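Just so we're on the same page, the working numbering is the position in the sequence shown counted from 1, plus 681.
Structure record follows, encoded as structure tokens.
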Amino acid sequence: MIDIFDPADAGCWIARGRPAHHARAIADAWRCFPDLPHDAPLDVRMARTRERVQMLGPLHETIRLETEQQRRAANFAFVERQIAQGSTDSRHVAILHARNIHGYDWDAAVAYADGRYAARAGWVARPPSSPRPDQPDVRRPAYHQGFLDGGGQPNDVFDVARRSFAATPSEPIRADTPRAARPLPSQWPSPSDVPPPVSWHRRLLLLGESEITAGAIGILAMLHQRPGYEAAALFVVNAESGLRPLWTSTGPAPGDGAALRQFLRQGDYTDILVVADDAELGRIDADADMLPLARTMERTRNSVLQQRAQFRHWLARGRAPGDQFAAGHIRWSKMAAGLSGRLGDFTARYGGPAEPRGHRIVVEDANGQLALGYRTALGRELQPEIVIGNKGHARSAMADLLRQYAAALRLG
């Protein structure tokens, strides 16, 4: 049998999930304004559709109000379930208090809870902004009421200072679980070419003992190829014993935690990198309080190939004695012809394949011409076009060229 849908029949709408009162209103609109034959003039058929839509306007408004009521009821029910399950969030209790005592609806109750929480936390009152100036907003009065109920006194000059002094933590702090003031090393981001170059004597490398033993990533071999790396501080991370200097003659004795902490804090480091496996990362997380706070803190992650690429980014940021680099932010963009980066008045772009093999990297000045006639502070002339063998290294090569050109001097 063929299922024939008759929009003028309320039963068809009920069978497709519409409530009975919705189905009857829709069916009445279709009975009053049925579709005209296809051969009727277009403007007449469009007029009929507009008449039917106009008749359904009150139903659409009713559906909107019912949906909003369902949303508010579901939100209140969620808060009630959270409290029944032992939630310690004081805002949940305040939301139900605003509904039961003040008769607020959901949006106003949330604003009331925010104001009450802000007052008890010792914060300055920041009521929500009105969605539209021509419409009344119930949230701002509710926020102010909650702020007053929480102990706030907006007319008192010393109100914020008084409440801040008297505020207590929302959750008790256990002595054996101190709060972390910064992310743990296992949560640090991966190395990239975004941070500016740093002198090697201000860099700290924490290398897992598994990498020193097996050399799966080849960190030490890659490191020894960079000039100036000897000035960096290298420490070994052991999953059992923790941190120790790679060369014991340059640092405190292994196992002396106080001396190790003092040694690291005196280093004045700007750049810290961790290369370690999961067990060694867990150990360095436990000893994170020993590490100094630095501008750039990163760790390698994922596969061996990805960690090698990330370590190359970190190596490229090392500045040896005598090197001149600009430390600005490189703005990268993806052009139709390939990758492009800009620093100051210079633009580095991918120049296409080279002959007989390789890939060209070109540096242009502010006029769009080859950046000829520039030299480093030591007198070495810079070449605006180079050839690299691996296209995957284009970004690193561009970043190196741009930083050299931005710090260069113009000949003549």
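From the three backbone atoms N, C-alpha and C, an ideal C-beta is built for every residue, glycine too.
Being a predicted model, the structure only gives us computed values, none of them experimental.
{"query": "Going by beta carbon distance, what residues of the same chain come within less than 8 Å of Glu-1066, once the five residues before and after it are set aside?", "result": "Gly-1032, Arg-1041, Ile-1042, Val-1043, Val-1044 and Leu-1051"}
{"query": "Which of the three DSSP states, helix, strand or coil, is assigned to Asp-952?", "result": "strand"}
{"query": "So is the beta-carbon of Ala-765 under 7 Å away from any non-hydrogen atom of the ligand SAM?", "result": "This structure does not include the ligand SAM; it has no bound ligands of any sort."}
{"query": "In chain order, what residues of the same chain lie with their CB nearer than 7 Å to the CB of Asp-968, ignoring the 5 residues before and after it?", "result": "Gly-923 and Leu-924"}
{"query": "Kindly confirm or deny that the region 823 to 834 and the region 869 to 884 touch, where touching means at least three C-beta pairs closer than 8 Å.", "result": "no"}
{"query": "For Val-805, does the count of other Cβ atoms within 10 angstroms reach 16, so buried, or fall short, so exposed?", "result": "exposed"}
{"query": "Around the C-beta of Val-985, are 16 or more other C-beta atoms found within 10 angstroms, so that it is buried, or is it exposed?", "result": "exposed"}
{"query": "Would you identify the three-state DSSP class for Leu-962, choosing helix, strand or coil?", "result": "helix"}
{"query": "With a threshold of 8 Å on Cβ separation, who are the neighbours of Val-1068 within its own chain once the five nearest residues in sequence on each side are excluded?", "result": "Ala-1035, Gly-1039, His-1040, Arg-1041 and Ile-1042"}
{"query": "Report the rounded CA-to-CA distance for Leu-1020 versus Arg-1000, giving the unit in angstroms.", "result": "25 Å"}
{"query": "Are the Cβ atoms of Ala-779 and Tyr-824 separated by less than 8 Å?", "result": "no"}
{"query": "I need the DSSP call for Phe-992, collapsed to helix, strand or coil.", "result": "helix"}
{"query": "Excluding five sequence neighbours on each side, which residues of the same chain lie with their C-beta closer than 7 Å to the C-beta of Gly-948?", "result": "Leu-885, Ala-914 and Pro-973"}
{"query": "On the CB-based measure, 16 or more other CB atoms within 10 Å of its CB, does Ala-789 come out buried or exposed?", "result": "buried"}
{"query": "Only counting the same chain, and skipping five residues up and downstream in sequence, which positions put a Cβ closer than 8 Å to that of Ile-744?", "result": "His-703"}
{"query": "Taking the Cβ atom as the reference point for each residue, do Gly-1049 and Gly-1025 lie within a distance shorter than 8 Å?", "result": "no"}
{"query": "Does the distance from the CB of Arg-1084 to the CB of Phe-1006 come in under 8 Å?", "result": "yes"}
{"query": "Answer with buried or exposed for His-905, where buried requires no fewer than 16 other C-beta atoms within 10 angstroms of its C-beta.", "result": "exposed"}
{"query": "Would you grab the beta carbon distance between Phe-828 and Ile-900 for me? Rounded to a whole angstrom, and I think it's under 8 Å.", "result": "That pair is no contact at about 55 Å."}
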